[in-house]
Amino acid sequence: MLARHAEDMFWAGRYLERAEDTARMVRATLLSTVAEPPAQAIDHMQNLIRTLRLEVPTPDEDVQTMAENLIPSPPMLRSEAGLGIDVQAAATRLVASPSLAGSVVFCIGRTRENFRSLRDQIPSELWEQINQFYLRLRREDFATAMEQDPFQTLDFIRVSCQTLNGVFETSMARGEAYRFLVLGQNLERALMTCRLIQTRYPAMDGSSYDEMALTLRSVSALEAYQRAHQSSPLATDVARFLLVNDSFPRSVLYCFRMSETQVEALAQNGRPPSLRRLSQLRSGLEYADFDAMAANLPEHLSGLETGVREVADLVSGHFFRNAEAFDLHSQAISPGASS
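The opening position of the sequence shown corresponds to residue 728 in our numbering, with each subsequent residue numbered one higher.
As structure tokens, then:
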């Protein structure tokens, strides 16, 4: 497989996963704000923006500045509490803005562009599905639909992403194209789960079921967690499940194992640096004393996130000729930047 085609497939997986993760997190955040006071709803939206790494650098107390950078006036509304952020308008921009790097529309557009360069190597059903999905997102009434019926719109995005996953899982041969796609998808998934825990962990003090449910719904893990932990609201239980559960497909450990499998299959001779680094991350997480890790979890999460980014760089350096630097892609574009 040509290196540039492999890179396109790798980033298609990353962008597709980013779009689905964003839709899940926005939906969970909007659901959590239904019965909350404005100040708490704003706090949840800011946490979401921080998780997606789309926040505009600003002092913590300056809510107004961040809101104005994210949502241009006049669509921004002001609550009675005097806080200048409209949660629904922020959600709409995170989903429907084609100019906001990291938005759902932006990521699906990039996924489509990468697949378009590979039309002779992907199933026709996959191209048809991504094309239909993209055209629906670019309709003039899409932002309006997101404003008027956000939950139905976000469910449509989630189901469309799941359909794409089903198409390539059931119709692609397990060759290089498939493996680069799945590798990119799982690295992005591990990265987003680490960011979610890092952002949400301080709010889960064990006294609030709602805070626990918001965190787990953001990765569609609530029901699986309840079966394993009987709805324990403890932050350590939630973090343990999302980090080291070996059967939940969005846990960090599961994603590391899947990524390791793909790199092993791609590296037919020897162990490239990306595989060695992945093995270090996976084994370090799998065999760690979690109670000791929980004592300083933010530092460990930061290390895991850095490790995932290192793996992405190593994959690029080993497999992709003239690879574009990782930090130039939308997942690492400066907060709030446009394409």
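Positions of the beta carbon are idealized from the N, C-alpha and C atoms, including for glycine.
Check, Outcome
"Within 10 Å of its beta-carbon, does T880 have 16 or more other beta-carbons around it, so buried, or fewer, so exposed?", "buried"
"Would you give the residue range spanned by the alpha helix (DSSP H) that N996 belongs to?", "Taken as a continuous stretch (DSSP letters only), N996 belongs to no alpha helix (DSSP H), as it is neither H nor E."
"Looking at the secondary structure, which residues open and close the alpha helix (DSSP H) in which N913 lies?", "E903 to R927"
"Using DSSP with H/G/I as helix, E/B as strand and the rest coil, what is L961?", "coil"
"Closer than 8 Å is the cut-off here; do at least three beta carbon pairs connect the segment 859 to 874 with the segment 917 to 930?", "no"
"To test your reading of the DSSP string, which unbroken alpha helix (DSSP H) runs of 4 or more residues are found completely within the segment 999 to 1041?", "1000 to 1013 and 1017 to 1021"
"Given F1046, which residues of its chain have a CB within under 6 Å of its CB, disregarding the five upstream and five downstream residues?", "A733"
"Quick one, which of P929, S947, I776 and D1018 has its alpha-carbon nearest A818's?", "I776"
"Quick one: any contact between the segment 938 to 947 and the segment 755 to 765, if contact means 3 or more CB pairs under 8 Å?", "yes"
"Under DSSP, the alpha helix (DSSP H) around N858 begins and ends at which residues?", "S851 to L864"
"Of the choices F1017, L1024, A1039 and L970, whose alpha-carbon is the least far from that of R1004?", "A1039"
"With the cut-off set at 9 Å, would you say Y742 and T897 are in Cβ contact?", "no"
"Below 8 Å on the Cβ atoms is my guess for A768 versus C834; work out the distance and round it to an integer in Å.", "No, A768 and C834 are not in contact; Cβ-Cβ is about 25 Å, not under 8 Å."
"In whole angstroms, what separates the C-alpha of Q925 from that of L845?", "36 Å"
"What does a CB cutoff of less than 7 Å around T940 pick up in its chain, not counting 5 residues either side in sequence?", "Going by the sequence as given, residue 940 is Ala instead of Thr. Within the same chain, A940 has close Cβ partners L949."
"For P850, which option in F895, F968 and A766 has the closest C-alpha, if you only look at C-alpha atoms?", "F895"
"Mind checking N858: buried by the 16 CB within 10 Å criterion, or exposed?", "exposed"
"Can you list, in chain order, the residues of its chain whose CB lies under 7 Å from that of L1028, leaving out five sequence neighbours each side?", "C921, I924 and Q925"
"In chain order, what residues of the same chain lie with their CB nearer than 7 Å to the CB of R984, ignoring the 5 residues before and after it?", "R1009"
"Beta-carbon separation of C982 and N913 under 9 Å?", "yes"
"Applying the 10 Å Cβ sphere with the 16-neighbour rule, what's the burial state of D964?", "buried"
"Mind reading off the beta-carbon distance from R906 to Q848? Whole number of angstroms is fine, and I expect it under 8 Å.", "Not a contact, Cβ separation roughly 13 Å."
"Excluding sequence positions up to five away, which residues of its chain have a Cβ less than 6 Å from the Cβ of A992?", "R906"
"Looking only at its chain, what residues have a beta carbon closer than 8 Å to the beta carbon of R885, apart from the 5 residues adjacent to it on each side?", "E747, A750, R751 and R754"
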